[in-house]
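Line order of the protein sequences matches chains A, C and S.
For the first sequence, our numbering assigns the number 77 to the initial residue and increments by one for each residue that follows.
For the second sequence, our numbering assigns the number 1184 to the initial residue and increments by one for each residue that follows.
For the third sequence, our numbering assigns the number 44 to the initial residue and increments by one for each residue that follows.
Have a look at the structure below before the remarks.
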Amino acid sequence: MKMAVSTTVNGDPRAFLCEPGETLLEALRGTLGLTGAKEGCGTGDCGACTVMLDGEMVCSCLVLAPEAEGRRVETIEGVAEGSDLHPVQRQFLEHGALQCGFCTPGFIVAAKALLERDPDPSEHDLRYWLAGNLCRCTGYDKIVRAVQDAAAEMRQQARGDAA
Amino acid sequence: MARVVLTAPFDARFFGGVGELEIPASDLFALVRALDLRAPGFALAVEEGGLLAVDGEAAADWSVALRDDAEVLVVPRIAGG
Amino acid sequence: MNAQSGHNAYRVVGTRPVRPDGIDKVTGKALYGPDQIAPNMLHGAVLRSPHAHARIRGIDTSRAEALPGVKAVITARDFPGQESVTFKGGETSGDRRDIAHNCMALHKVLYAGHAVAAVAATSEAIAREALALIVVDLEVLPHVISVAEAIAPGAPVLHDDMFTEGLEPKPAQASNVSATFTMAKGDAAAAMARAAVVAEGRYVTQPVHQGYIEPQACVASWNSDGQGQIWCSSQGHFDVRNLTAGILNLPISSLRVTPLEIGGGFGGKTTVYLEPVAMVLSRKAGRPVRLAMRREEVFAATGPAPGSVFEVRIGADADGRLVALEMEFWNQSGAYPGNTLHGGCATALGAYNIADARATGWDVVSNFADTHAYRAPGAPQSAFAVESCIDEIALKLGMDPLELRLKNAVKPGDPSPSRLPHGAIGYIECLEAAKASPHWNTPVAEGESRGIAGAFWGNYGGPSTVAVSVASDGSVAVTTGSPDIGGSRASMAIMAAETLQVPYESVRVAIADTASLGYSMVTGGSRTTFATGKAVVDACGQIIDSLLARGAQLLGVEPGEVAWRDGAVHCMAAGREGEKLDMAAIAGRVHQFSGPVSAEVQLNAQGYLPGFGVHICDVAVDKETGFTRVTRYTAIQDVGRAIHPDYVEGQLQGGAAQGIGWALNEGYVFDGAGRVDNAGFLDYRMPVCSDLPMIETIMVEVPNPAHPYGVKGVGETSIVPPLAAVGNAVSRAVGKRMRDLPMAPEVVHRALAGA
Ligand code: FES
Ligand code: FES
């Protein structure tokens, strides 16, 4: 019947009950009330549901909720530090890199994950990293530019921190 | 007398393809009423999917008085996605 | 950022401030259709036909009703007056009977995916379990998918009361041809006979889906006193209200629709699918009901754009002057009549001066989902045929394809397809901008080829209602009824701030529910920044008038002795120059005047002008695999005036990307039983980030005199040229005219092998 799951979501310990077959996306959007991750397909093809699980990028529609047991989940709701936007979020706004915005949470989580492992991706690498996220509105141009500028901003910040 | 220029599909569907008609009318409501008397169903069709243009300008308000020598064009209205 | 910015004449128009809904959307706070919940809400699910065409003999819902947790099961019989919903006019035109029957099949199912029953239960899992317990007795009928099948003699007929409209006399027999429409001028056949060169061909496109990432979803609540509420995302919640109330025989004002953020529409969210169903479930269960589509339901049951077959001939004289156009086309609409005939004809005749032309379209219904607008309805398919022929003529005459277009392009004063003379259009300016563009002036790279195509799209204006009010501290609230799909709240705030001469941040924009403001038509037809924007500017003008009158009284001067500058009333009376009252000083004093400072404007905006664009596309075609990669792309468009350039560029880029997908990859594939075989994003392959280059944009600004800031609609035109721009590039690469979409690798490979 229902399973009890204890996990960490955006740094906070959370416990919830779920059906064994429930997806992590359903648990996040339903029981946990975190509707920032979106369901565009439910089959792993659009990336709108992208979250981080123990530091790895996953499609939460393909992860079962019980798999979150004892692990760290990070969602779009945890990307900003309080009211301070992450550079990727800020650059999305500066560039108008969203139209409807439905794909945006997935793109931001994915882009942040990329920049954490590669602070200076080429346009080619950036486009292939984001190829699992569908956007139907923008043609990706402004998204790519926003992520490039966020990368530059983060590199500069890192240099500043190091100095 | 307003000169009414009818285009497809209204012309063939309601007026047998005459192309043009001379109709006395004080405004577009009166004009459409007069045309509907000749061809019942025209008023509904033009309300549903027609656009009236007076002297080359699409008419937003059918209650504006028509000049005596006005040319009224009846064309389909389309709005997209 | 890749376009010129700023107009000296304006302070805010043409700048790129952050959109007011931005932070909500980058932090996951924004609420979209599927995010809405209501207390004590039930979850619904819809049972859909597995067959493409069948007669409903009976539906047994008893076992589903008996399942614990199930609170309501409905079929079309539970809809009030489903038999007799009639064609009605009013604000929202369209055949409500068709829309009602599309929401829930009554006598027949017309496509695989057509709703036949629905369940509301305490969980979605239980609702889906209950669906499996419903027994539908269907008599399967033969089905038709392609135009050829649908118009073949003896073809199974979808609607036995459908007689081709536009034929005189009315046909004696029902058929699958819903309507025909012709636009003609001069004598096309005679002119064609005199042409020095002729390009002709048969161009075929498949149905394609708008592909918005947000599936349809809604929550509805309908009480026993007849009052109802719906929360949903759509391109027009007033039309959702009108259609749903019409289908349910409900007084329109008894239904209140609250708009949620919309996750893309592109024309596909201008109708209702789930809302009436959720309402009836709610009425029966006595609780709010949520319905949401899964992606495969979106593909199978919501309206794609029609496929098409075009037979076209274009003739030119030896100097490259286009002299004749003959076109006949068949739109492969879905289960109910489409609305793309006029758009197809107008686009064929709209961009070039061709003295003798004739375009005839036939709308053909067939057994897949009811088709809908996809940006500019009917235009991309038409422009694909016409602009490909023009490319062929250029090749035959050895002419530069851009010069050929320049030679024939329409100018202000030339007759438009509706026979009204064209107003302040900017096609020539677009072509000149293309000619001067970095892209056009860069030689085509080794192993690549280049295509170019133009476009015409009519655009629209129409009714909008807007309210503007000044709070007692002088800040401004703008309320519209136009859903914001791509940043229009920012544009409204910019236009209000410009008019009032106040900072952008002091204007906030909200979108009202249907009980809070008068009617506004859908966000569609590229109309919102033009029509709703005009209403915002007009309302701000009234606000200024009111503040000036009040300011003069407070200053104790004559009405003529005040002026509006920098968001304040300035005293111009002799000796008192320099005295002024800001908005807070006036607006706060509601108790001494006739009331608060606010204005409401209703209009039916005319004076919209068509959009023109030119797209340039470079491709690299892999000669071994037939795979086509777009290596460079530029979209040029006359936008009138870009209010917020980021979101105008975004419309150009988004339309281009969709058109590239349409040209190279996308298309419905049906199996032998008439089911959509690729009803998911894995198999219905839309462009992803790694498929595309940067999409360069050039915004040409030929202002529209009918709009205070010169706006022309921009949302639809951008999808019109890409099919031919890509097609012309691939054709030149392959050395053979590509006339079938999509130009998937296997198609291009075959063409290369046969060339
Ligand atoms: S919803 Fe998970 S990938 Fe689309
Ligand atoms: S902004 Fe709409 S899908 Fe990306």
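Idealized CB from N, CA, C, for every residue including glycine.
Point to revise | Proximal residues of chain C, C-beta to C-beta of ARG139(S) below 8 Å | key: Numbered from its first residue, the third sequence carries residue 139(S) at position 96. Chain C residues near ARG139(S): none, gap ~11 Å exceeds 8 Å.
Exercise for review: Note down, in chain order, all residues in the segment 323–348 of chain S with a beta-carbon under 8 Å from any beta-carbon belonging to chain A.
Suggested key: ARG337 and ARG338
Exercise for review: Just grab the DSSP bridge partners of PRO464(S) for me.
Suggested key: The sequence position of residue 464(S) within the third sequence is 421, counting from 1. BP columns for PRO464(S) point to PRO458(S).
Exercise for review: Run the CB neighbour count on PRO111(S), radius 10 Å, all protein chains shown included, and call it buried at 16 or more, exposed below.
Suggested key: Position 68 of the third sequence, counting from 1, holds the residue named residue 111(S). It is exposed - the Cβ of PRO111(S) has fewer than 16 other Cβ atoms within 10 Å.
Exercise for review: Could you name the residues of the segment 203–237 of chain S whose beta carbon sits closer than 9 Å to any beta carbon of chain C, in the order they occur along the chain?
Suggested key: GLU208, GLY209, LEU210, GLU211, ALA222, THR223, PHE224, THR225, MET226 and ALA227
Check your understanding: With distances taken from each beta carbon to the nearest heavy atom of ligand 1, which residues come in below 6 Å, in chain order?
Key -> Ordered along the chain, the selected set is GLU115(A), GLY116(A), CYS117(A), GLY118(A), GLY120(A), ASP121(A), CYS122(A), GLY123(A), ALA124(A), CYS125(A), CYS135(A) and CYS137(A).
Review point. Under a three-way DSSP split, which group does LYS218(A) fall into?
Key: The residue you call residue 218(A) lines up with position 142 of the first sequence. Three-state DSSP puts LYS218(A) in a helix.
Review point. If we count the other Cβ atoms within 10 Å of its Cβ and call it buried at 16 or more, is GLN167(A) buried or exposed?
Key: Walking along the first sequence from the start, residue 167(A) turns up at place 91. Under this definition GLN167(A) is a buried residue.
Exercise for review: Please list the partners that LEU438(S) has in chain A, where partner means a Cβ-to-Cβ separation under 7 Å.
Suggested key: Translated into positions along the third sequence, residue 438(S) becomes position 395. Chain A residues near LEU438(S): none, gap ~29 Å exceeds 7 Å.
Point to revise | Neighbour-count burial assignment, GLN635(S), 16 or more Cβ in a 10 Å radius | key: On the third sequence, residue 635(S) is found 592 positions in, with the first residue counted as 1. Exposed: under 16 other Cβ atoms inside 10 Å.
Point to revise | Cutoff 7 Å; reference ALA806(S); Cβ partners in own chain excluding five residues on either side | key: Coverage of chain S is limited to positions 44 through 798, which leaves residue 806(S) absent and any answer about it impossible.
Point to revise | Where LYS218(A) meets chain S, residues with beta-carbon distance less than 8 Å | key: Against the first sequence, residue 218(A) aligns to sequence position 142. Result: ASP689, GLU692, GLY693 and GLN696.
Review point. Looking at SER189(S) and MET205(S), is the spacing between their C-beta atoms short of 8 Å?
Key: On the third sequence, residue 205(S) is found 162 positions in, with the first residue counted as 1. On the third sequence, residue 189(S) is found 146 positions in, with the first residue counted as 1. No, they are not a contact pair.
Check your understanding: What do you reckon, is the C-beta of CYS732(S) under 7 Å from a heavy atom of ligand 3?
Key -> Among the ligands present in this structure, namely ligand 1 and ligand 2, ligand 3 is not found.
Exercise for review: Measure the alpha-carbon distance for PHE130(S) versus LEU384(S) and round it to whole angstroms.
Suggested key: Numbered from 1 along the third sequence, position 87 holds the residue referred to as residue 130(S). Numbered from 1 along the third sequence, position 341 holds the residue referred to as residue 384(S). At PHE130(S) the pLDDT is 47, less than 50, meaning the model places this residue with poor confidence and gives no usable figure here.
Point to revise | Classification of ASP681(S) by the beta-carbon crowding that lies within 10 angstroms, buried from 16 upward | key: For this step, residue 681(S) is matched to residue 638 along the third sequence. Buried is the call here.
Point to revise | Contacts of PRO77(S) in chain A (Cβ-Cβ under 9 Å) | key: What you label residue 77(S) is simply residue 34 of the third sequence in a count that begins at 1. Chain A residues near PRO77(S): ARG105, THR111, LYS114 and GLU115.
Exercise for review: Run down chain A in chain order and give the residues with a C-beta less than 9 Å from the C-beta of ILE554(S).
Suggested key: Within the third sequence, the letter at position 511 stands for residue 554(S). Within chain A, no residue comes near ILE554(S); the closest Cβ sits about 14 Å away, beyond 9 Å.
Check your understanding: CB-CB under 6 Å to ILE397(S), same chain, minus the five flanking residues each way: which ones, in chain order?
Key -> Counting from one through the third sequence, the residue named residue 397(S) turns up at place 354. Same-chain partners within the cutoff: LEU365 and LEU368.
Practice item. Give a yes or no on whether the minimum CB-CB distance between PRO1192(C) and chain S is below 8 Å. Key: Sequence index remark: in the second sequence, residue 1192(C) carries index 9 (1-based). At least one chain S Cβ lies under 8 Å of PRO1192(C).
Exercise for review: Report yes if the C-beta distance between LEU1189(C) and ILE1206(C) is below 8 Å; otherwise report no.
Suggested key: As a first step, residue 1189(C) must be located in the second sequence, where it is residue number 6. As a first step, residue 1206(C) must be located in the second sequence, where it is residue number 23. No, Cβ-Cβ distance for LEU1189(C) and ILE1206(C) is not below 8 Å.
Practice item. Below 8 Å CB to CB, which residues in the same chain sit around GLU257(S) once its five sequence neighbours on both sides are set aside? Key: Translated into positions along the third sequence, residue 257(S) becomes position 214. Closer than 8 Å at the Cβ level, and outside the excluded window around GLU257(S), lie TYR75, GLY76, PRO77, SER276, ILE305, GLY306 and GLY307.
Practice item. Could you pull out every unbroken alpha helix (DSSP H) segment of at least 4 residues lying fully inside the segment 185–239 of chain A, listed in chain order? Key: 199–205 and 217–238
Review point. Alpha carbon to alpha carbon, what distance is there between GLY154(A) and ASN86(A)?
Key: Along the first sequence, read from residue 1 onward, the residue named residue 86(A) stands at position 10. Along the first sequence, read from residue 1 onward, the residue named residue 154(A) stands at position 78. So the two alpha carbons sit approximately 5 Å from each other.
**Study point:** Runs of alpha helix (DSSP H) lying entirely within the segment 685–751 of chain S, each at least 4 residues, in chain order
**Key:** 688–707
Check your understanding: Taking 7 Å as the line, does the beta carbon of CYS176(A) fall inside it for any heavy atom of ligand 2?
Key -> Here residue 176(A) is taken as the residue at index 100 of the first sequence, counted from 1. Yes; taking the cut-off as 7 Å, the Cβ of CYS176(A) has a heavy atom of ligand 2 nearer than that.
Review point. For the segment 444–466 of chain S, which residues have a CB atom closer than 7 Å to at least one CB atom of chain C, in sequence order?
Key: SER461, ARG462, LEU463 and PRO464
Review point. Are the segment 572–592 of chain S and the segment 534–541 of chain S touching, with three or more C-beta to C-beta distances below 8 Å?
Key: Under the 8 Å Cβ criterion, the segment 572–592 of chain S counts as touching the segment 534–541 of chain S, having at least three qualifying pairs.
Exercise for review: Using three-state DSSP, classify TYR547(S) as helix, strand or coil.
Suggested key: Numbered from its first residue, the third sequence carries residue 547(S) at position 504. TYR547(S): helix per DSSP, three-state reduction.
Review point. Is it true that the CB of GLY377(S) sits closer than 8 Å to the CB of ASP413(S)?
Key: The residue given as residue 413(S) occupies position 370 in the third sequence. The residue given as residue 377(S) occupies position 334 in the third sequence. Yes, these two residues count as a Cβ contact at 8 Å.
Exercise for review: Could you check the C-alpha separation between VAL640(S) and VAL754(S) for me, to the nearest Å?
Suggested key: Indexing the third sequence from 1 puts residue 640(S) at position 597. Indexing the third sequence from 1 puts residue 754(S) at position 711. Rounded to whole angstroms, VAL640(S) to VAL754(S) spans 27 Å at the Cα level.
Check your understanding: Are ARG98(S) and GLY723(S) touching if we call contact CB-CB under 8 Å?
Key -> Counted from its first residue, the third sequence places residue 98(S) at position 55. Counted from its first residue, the third sequence places residue 723(S) at position 680. Not closer than 8 Å, so no.
Practice item. Verify whether the separation of the beta carbon atoms of GLY524(S) and PHE281(S) is less than 8 Å. Key: Residue mapping note: residue 524(S) aligns to position 481 of the third sequence, counting from 1. Residue mapping note: residue 281(S) aligns to position 238 of the third sequence, counting from 1. Yes. Within cutoff.
Exercise for review: Note the first and the last residue of the continuous beta strand (DSSP E) segment covering ASN292(S).
Suggested key: Your numbering for residue 292(S) matches position 249 in the third sequence. Unbroken run through ASN292(S): none, as it is neither H nor E.
Practice item. Have a look at TYR651(S), GLU692(S) and PHE411(S) and flag the residue whose alpha-carbon is nearest the alpha-carbon of VAL743(S). Key: As a first step, residue 743(S) must be located in the third sequence, where it is residue number 700. When each option's Cα is compared against that of VAL743(S), the closest is GLU692(S).
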